[in-house]
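Visitor: Before we start, here is the structure in question, set down as structure tokens.
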Amino acid sequence: EDGLELALYKAYLANIQDPIGRQILEKSVLSKQRNVDFGWLYLTSQARTWEDEKRITVGQAIHSYLQEIELNGYHCAWLSDKTSDAAIAAEITADFNLGAANAMQEEQILRQYLKELRGKLADIHIPLADLRHPTLGTL
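Under the working numbering, think of the first position of the sequence shown as 296, with each following residue one higher.
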């Protein structure tokens, strides 16, 4: 979760004009970066000792989270319903440079995040099955 949040927060930071909001997002990005860095260090160190069965189980848990939570709009509301109040509010917030990303930007961020995630997981031999979304297709 922190990895996707970090990628999204960086986009939000790039799209904010308010100085106080910028400071908040800068601190959030730094905090998320620490969490992501620690998480990968920990996962990598633990994965060295795992048997294939454990790697498969971890990959399934990651898949389940992404498929059931993220692709249902947890961070990107439009993934669930482009006409929802939350999705429309995010678009308006992005349009006014108030620290948000629009759906097109979020889709690019999500796709890039998943590509990087798959690469990092492959490096430590954790399989991640294809994800499916009704609008985005197979990811």
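Where a beta carbon is used, it is the ideal one built from N, C-alpha and C, also for glycine. Source: prediction; values computed, not measured.
1) Ordered along the chain, which non-local residues of its own chain (more than five positions away) have a Cβ less than 6 Å from that of Ala381?
2) For Leu393, write down the residues that DSSP places opposite it in a beta bridge.
3) Please list the terminal residues of the continuous alpha helix (DSSP H) segment that includes Glu411.
4) Using the rule of at least 16 other Cβ atoms within 10 Å of the residue's Cβ for burial, across every protein chain shown, is Lys327 buried or exposed?
5) What number of angstroms, rounded off, separates the C-alpha of Lys349 from the C-alpha of Ile311?
6) Determine the extent of the alpha helix (DSSP H) in which Asp347 is found, giving its start and end residues.
7) Evaluate Leu303 with the Cβ neighbour count: other Cβ atoms within 10 Å of its Cβ, from every protein chain shown; 16 or more gives buried, anything less gives exposed.
8) Can at least three beta-carbon pairs, one atom from the region 394-406 and one from the region 335-342, be found at a separation below 8 Å?
9) Does the beta carbon of Glu402 sit closer than 8 Å to a beta carbon anywhere in chain C?
10) So, for Leu416: in the same chain, excluding its five sequence neighbours on each side, which residues have a beta-carbon less than 6 Å away from its beta-carbon?
11) Ala356 to Glu363, Cα distance in whole Å?
12) Given this structure, state the Cα-to-Cα distance separating Ser375 from Thr430, to the nearest angstrom.
Guide: Let me lay it out:
1) Within the sequence shown, numbered from 1, the residue matching residue 381 stands at position 86. Shown here for Ala381: same chain residues with a beta carbon closer than 6 Å to its own, the five before and five after excluded, namely Ala372 in chain order.
2) Here residue 393 refers to the residue found at position 98 when the sequence shown is read from its first residue. DSSP links Leu393 through a beta bridge to Ile311.
3) As a first step, residue 411 is located in the sequence shown; it is residue number 116 there, counting from the start. Counting along the chain, Glu411 sits inside the alpha helix (DSSP H) bounded by residues Ala398 to Asp418.
4) On the sequence shown, position 32 is the one that residue 327 refers to. Taking all protein chains shown into account, Lys327 has 16 or more neighbouring C-beta atoms within 10 Å of its C-beta and is therefore buried.
5) Along the sequence shown, read from residue 1 onward, the residue named residue 349 stands at position 54. Along the sequence shown, read from residue 1 onward, the residue named residue 311 stands at position 16. Roughly 42 Å separates the two Cα atoms.
6) For the purposes of this step, residue 347 is identified with residue 52 of the sequence shown, where counting begins at 1. Run containing Asp347: Asp347 to Glu363, per the alpha helix (DSSP H) assignment.
7) Locating residue 303 in the sequence shown gives position 8, where the first residue counts as 1. Result: buried.
8) no
9) Reference to chain C is not applicable here, since this structure consists of a single protein chain.
10) Along the sequence shown, one-based indexing puts residue 416 at 121. So the qualifying residues of the chain are Leu423.
11) The residue labelled residue 356 in the question sits at position 61 within the sequence shown. The residue labelled residue 363 in the question sits at position 68 within the sequence shown. Their Cα atoms are separated by approximately 10 Å.
12) As a position in the sequence shown, residue 375 is number 80, starting the count at 1. As a position in the sequence shown, residue 430 is number 135, starting the count at 1. Near 10 Å, if we compare the C-alpha coordinates of Thr430 and Ser375.
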